[in-house]
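Undergrad: If you read the sequence shown in my numbering, its first letter stands for residue 10, the second for the next number, and so on.
Take a look at the following structure, please.
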Amino acid sequence: MADRSICLPEIHNGSVISTKMTLPLCHGNTNTGGEPMHEYYRKNKGKLQKEMDGYLKLVRSEIEEVFGKSYPQAFAEIWSCYEREMLEHFPFIGGDGSSGTRNLTGCMFFVAVGVVGKKYGLSTNDWGRLATTLYERHFDQMPRLLRRLAGGLFNHCPGLVTKALKKKDKRNAENAAKNPGSFLTQTMEPTEEYSMIYHNLVCPIYEFCKERGYMEYLPYMCNLDYVMFRAFGVALYREKTCAAGDGLCDFKIKRGASIPPAWPPHILDASDPLK
Numbered sequence: 010m011a012d013r014s015i016c017l018p019e020i021h022n023g024s025v026i027s028t029k030m031t032l033p034l035c036h037g038n039t040n041t042g043g044e045p046m047h048e049y050y051r052k053n054k055g056k057l058q059k060e061m062d063g064y065l066k067l068v069r070s071e072i073e074e075v076f077g078k079s080y081p082q083a084f085a086e087i088w089s090c091y092e093r094e095m096l097e098h099f100p101f102i103g104g105d106g107s108s109g110t111r112n113l114t115g116c117m118f119f120v121a122v123g124v125v126g127k128k129y130g131l132s133t134n135d136w137g138r139l140a141t142t143l144y145e146r147h148f149d150q151m152p153r154l155l156r157r158l159a160g161g162l163f164n165h166c167p168g169l170v171t172k173a174l175k176k177k178d179k180r181n182a183e184n185a186a187k188n189p190g191s192f193l194t195q196t197m198e199p200t201e202e203y204s205m206i207y208h209n210l211v212c213p214i215y216e217f218c219k220e221r222g223y224m225e226y227l228p229y230m231c232n233l234d235y236v237m238f239r240a241f242g243v244a245l246y247r248e249k250t251c252a253a254g255d256g257l258c259d260f261k262i263k264r265g266a267s268i269p270p271a272w273p274p275h276i277l278d279a280s281d282p283l284k
């Protein structure tokens, strides 16, 4: 997924998660006693738990149906998996000083649902559809005017967007010099065909999924970018992704083009030029 500050904004819905439940480990990668959880993630566990709850409640009824139990019970199991199998192993890529941190921690909320849901019969494809529905509902909550303004910037102010993204390239490069493995990006000048061209050269989400054995989920996570840009009324045309072995993810906004659908995933269709 793209390194972008608009992805996975913080949600505080005031819900309370019981800490008295028995939290079973998920089936999957286990902690084999490597490096301890980074202090940044340890300090932010409570904040991340509330953020995850805010997202997953958007598909509360679907989660209860898949897991065959109440949402609080299902959430406790998903959070346990996330904490022990993901949060415990996240690399430090800048913390609050890097928007890429929010992308990494937030994207893996979704993956934790798939990992735990698998033992309840949730297929990877059905999980992908559920994650897509969740993200669609998230953007449906955003005021229509705000979505239109965001889309207008992408479609009609290419110079302004390019200038902002190049500043972000510089911040990402400075952060990557201090925290190797964090997002590295490169913004190109607009062309007659594309109003925005933006490359992810290093994606810590891809690297984490590859290292931890979650690659089956990555194509669906990449495809969520189409949900976001579609919500803004923007035609994302992406032809390369790290998940497909292309070595980078390219994000291009095509002028005057029809907006690609968000489902099924483009990357999984060999006849589809988009990824």
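For each residue, glycine too, the CB sits at the ideal point set by N, CA and C.
No experiment lies behind these values; they were computed from the predicted model shown.
Tell me whether isoleucine 72 is buried or exposed, calling it buried when 16 or more other Cβ atoms sit within 10 Å of its Cβ.
TA: Classification for isoleucine 72: buried.
Undergrad: Let me check understanding here. Comparing Cα to Cα, which of Glu60, Gln82 and Pro189 lies closest to serine 70?
TA: Taking only the C-alpha atoms, the option nearest serine 70 is Gln82.
Undergrad: Just checking my contact of leucine 283 with tyrosine 226 at CB under 8 Å: how many whole Å lie between their CB atoms?
TA: Between tyrosine 226 and leucine 283 the Cβ distance is about 19 Å, and since that is not below 8 Å, they are no contact.
Undergrad: With 16 other CB atoms within 10 Å as the buried threshold, where does serine 267 fall?
TA: Serine 267 is exposed by the Cβ-count criterion.
Undergrad: Over what stretch of residues does the beta strand (DSSP E) that includes alanine 208 continue unbroken?
TA: Note that residue 208 corresponds to histidine in the displayed sequence, not to alanine. Start and end: 203–211.
Undergrad: Among Pro270, Arg239, Ala244 and Leu277, which residue has its Cα nearest to the Cα of alanine 253?
TA: Minimum Cα distance to alanine 253 is reached at Leu277.
Undergrad: Report the partner residues of isoleucine 102 according to the DSSP bridge assignment.
TA: Answer by DSSP bridge pairing: none, since isoleucine 102 is not bridged.
Undergrad: What's the C-alpha gap between proline 213 and proline 152?
TA: Those two C-alpha atoms are separated by around 30 Å.
Undergrad: Over the uninterrupted beta strand (DSSP E) stretch that includes cysteine 258, give me the two end residues.
TA: Per DSSP, cysteine 258 belongs to the beta strand (DSSP E) from 258–263.
Undergrad: Restricting to runs no shorter than 4 residues, where is the alpha helix (DSSP H) found entirely within the stretch 91–179?
TA: With a minimum length of 4 residues, the continuous alpha helix (DSSP H) runs that stay inside the stretch 91–179 are 108–127, 133–149 and 153–165.
Undergrad: Measure the beta-carbon distance from glycine 242 to glycine 160 and round it to whole angstroms, keeping in mind my assumption that it falls under 8 Å.
TA: So it is a contact: roughly 4 Å between Cβ atoms.
Undergrad: Spell out the partners DSSP gives glutamine 195 in its beta bridges.
TA: His208.
Undergrad: Bridge partners of leucine 245, per DSSP?
TA: DSSP lists Ile262 as partners of leucine 245.
Undergrad: Less than 8 Å between C-beta atoms, sequence neighbours within five positions excluded: which residues of the same chain meet that for valine 120?
TA: Same-chain partners within the cutoff: Met95, Cys218, Tyr223, Tyr226 and Met230.
Undergrad: Just to check my reading of the structure: valine 68 and leucine 143 have Cβ atoms closer than 8 Å, yes? What is that Cβ distance to the nearest angstrom?
TA: Contact flag correct, Cβ pair sits at about 5 Å.
Undergrad: Assuming methionine 205 and phenylalanine 163 make a contact with CB atoms under 8 Å, what is their CB distance in whole Å?
TA: Contact holds; Cβ gap of about 6 Å.
Undergrad: Give a yes or no on whether the C-beta atoms belonging to valine 125 and glutamate 86 are separated by under 8 Å.
TA: Closer than 8 Å, so yes.
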